[in-house]
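Per my numbering: the sequence shown = residues 688 to 1059. Below: the structure, in structure tokens.
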Amino acid sequence: MDADLGWLALTLVPGIGARTFHRLIQRFGSPDRVFTARRSHLEQVPGLKKGSIDAIGSRALIETAEKEMLRLRSLGIRMIQWGTEEYPPFLSNIADPPPLFYVKGTLLQEDERSVAVVGSRQASAYGLNVCKKLCRELAWQGWTVVSGMARGIDSAAHLGALKGGGRTLAVLGTVLDVVYPAENLKLSQQIAASGAIISEFPLGTPPEPGNFPVRNRIISGLSLGVVVVEAAAKSGSLITARMALEQGRQVFAVPGPIDRPGVEGTHRLIKEGAKLVERAEDVIEELLPMVAARSPVEAVVRKGSPTSLHPELSEREKQLWELLGMDPVHIDAIARQLEFSVSQTAELLLRLEIRGLVKQLPGTFFTRDFHS
688 MDADLGWLAL
698 TLVPGIGART
708 FHRLIQRFGS
718 PDRVFTARRS
728 HLEQVPGLKK
738 GSIDAIGSRA
748 LIETAEKEML
758 RLRSLGIRMI
768 QWGTEEYPPF
778 LSNIADPPPL
788 FYVKGTLLQE
798 DERSVAVVGS
808 RQASAYGLNV
818 CKKLCRELAW
828 QGWTVVSGMA
838 RGIDSAAHLG
848 ALKGGGRTLA
858 VLGTVLDVVY
868 PAENLKLSQQ
878 IAASGAIISE
888 FPLGTPPEPG
898 NFPVRNRIIS
908 GLSLGVVVVE
918 AAAKSGSLIT
928 ARMALEQGRQ
938 VFAVPGPIDR
948 PGVEGTHRLI
958 KEGAKLVERA
968 EDVIEELLPM
978 VAARSPVEAV
988 VRKGSPTSLH
998 PELSEREKQL
1008 WELLGMDPVH
1018 IDAIARQLEF
1028 SVSQTAELLL
1038 RLEIRGLVKQ
1048 LPGTFFTRDF
1058 HS
């Protein structure tokens, strides 16, 4: 039997999760030997149930795997197996690593400099802006941003990384041949073009709530640290943070306004010892020593200003853009700080707004446009 086919077929056996899969490989050495093992020997494997043993001896399972491989190839989806050179080393070292996962896009060695960024699906405008700014700066500094491509903070994390000209990895709790949520179709294409979309679930797996906590161990496992941007008291992002701690990863949290609901989880993380994050450098300074210790990738931090992403800006436009952040600023305050006239400031703001770099809010308040 072809090695890839055998590996895939074994993962398709009903009732076999990552833990039982690894027990089988440890006991028999390879999927091929599992399929040729005596039933009495299979019955001695802890956690392997009768239905799974019946499936291992079924020709139908191999036929299903053959069809799956053909479909994967037709969709441009690759399999990456545990123990191969392409399998991310940090992920390989977690408890119960996925025996294989499916990929659209590319994984690079530089992705070992990864930071996971997660948070609420019902994020506030504050949370979305903070997330986009943070991930844009992380990507610009050469860090790969990992998230789950869900609504809210996850999508903002990917968008920010793409805007920063960097790489981003999306780890799904669903299958790769169906985009969920549907409105993220364009985003998924952008991620695959400049990073990768990953899932451990075989094609055709129905979406189930339990799949999302399972995938969270991969999000944290691929990363050196996990940043929680906005999370309520019972947010699923706290599961990712807990898994990160169990895997020996660093946990960070972005504080939110104390009078706003939906940030209780992040504030609790900070009280429990998570590092408070106000800017990308707070994360980078903590993780750079880990890069040197754990990864062969050279720890290089880009120099200069993020405005180098926009070399076409005039000096005055750069000054104004650097001044703006996530918090709305009134045009009069901008003019005072830059010592420009209000009319000059209005003209500069209009130019930046046309370029998609600035967003005007009611009452002539302005912020950077992190969607751009």
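Every residue, glycine too, gets a C-beta built ideally from N, C-alpha and C.
Which residue spans inside the segment 904-972 form an unbroken alpha helix (DSSP H) run of at least 4? 924-933 and 951-958
Identify whether residue 789 lies in helix, strand or coil by the three-state DSSP scheme. Looking at residue 789 - three-state DSSP - the assignment turns out to be strand.
Nearest-angstrom Cα separation, counted from residue 841 out to residue 892: 22 Å
Three-state secondary structure (DSSP) at residue 886? strand
Whole-Å CB distance - residue 1025 paired with residue 1007, under 8 Å assumed: 6 Å
Mind reading off the beta-carbon distance from residue 905 to residue 887? Whole number of angstroms is fine, and I expect it under 8 Å. 7 Å
Does the count of Cβ pairs from the segment 814-826 and the segment 856-864 closer than 8 Å reach three? Too few Cβ pairs lie closer than 8 Å, so no.
Assuming residue 978 contacts residue 911 under a Cβ cut-off of 8 Å, what Cβ separation, rounded to an integer in Å, is found between them? 7 Å
With three or more beta-carbon pairs closer than 8 Å as the criterion, would you say the segment 832-846 touches the segment 752-768? Touching, no.
First and last residue of the alpha helix (DSSP H) that includes residue 746? Residues 746-761.
My output table needs one value for residue 794: the three-state DSSP class, helix, strand or coil. coil
DSSP has residue 766 in a bridge; who is on the other side? Bridge partners of residue 766: 789.
Among 787, 828 and 770, which residue has its Cα nearest to the Cα of residue 798? 828
Spatial distance of residue 748 from residue 698 (CA atoms): 10 Å
Assuming residue 729 and residue 743 form a contact by the criterion Cβ under 8 Å, report the distance between their Cβ atoms to the nearest whole angstrom. 7 Å
Exposed or buried, which one is residue 960 when buried takes at least 16 other CB atoms within 10 Å? Label assigned to residue 960: exposed.
Got a sec? Which residues, its chain only, sit under 6 Å from residue 768 by beta carbon, not counting five neighbours each side? 694 and 787
Counting along the chain, where does the beta strand (DSSP E) carrying residue 801 start and finish? Segment 801-805, the beta strand (DSSP E) holding residue 801.
With a threshold of 16 other CB atoms inside 10 Å of the CB of residue 792, please say whether the residue is buried or exposed. buried
Kindly identify the DSSP beta-bridge partner or partners of residue 1017. Beta-bridge partners assigned by DSSP to residue 1017: 1052.
Expressed to the nearest angstrom, what Euclidean distance is found between the alpha-carbon atoms of residue 974 and residue 825? One C-alpha to the other measures close to 12 Å.
Would you decide whether residue 850 is buried or exposed? Buried here means 16 or more other CB atoms lie within 10 Å of its CB. buried
Residue 721 lies in the alpha helix (DSSP H); which residues open and close that run? 718-722
Run of the beta strand (DSSP E) containing residue 857, from where it starts to where it stops: 855-858
Residue 920: buried (16+ other C-beta within 10 angstroms of its C-beta) or exposed? exposed
In terms of alpha-carbon separation, which member of 1022, 1019 and 933 lies closest to residue 778? 933
Mind checking which residues open and close the alpha helix (DSSP H) that includes residue 817? Run containing residue 817: 812-827, per the alpha helix (DSSP H) assignment.
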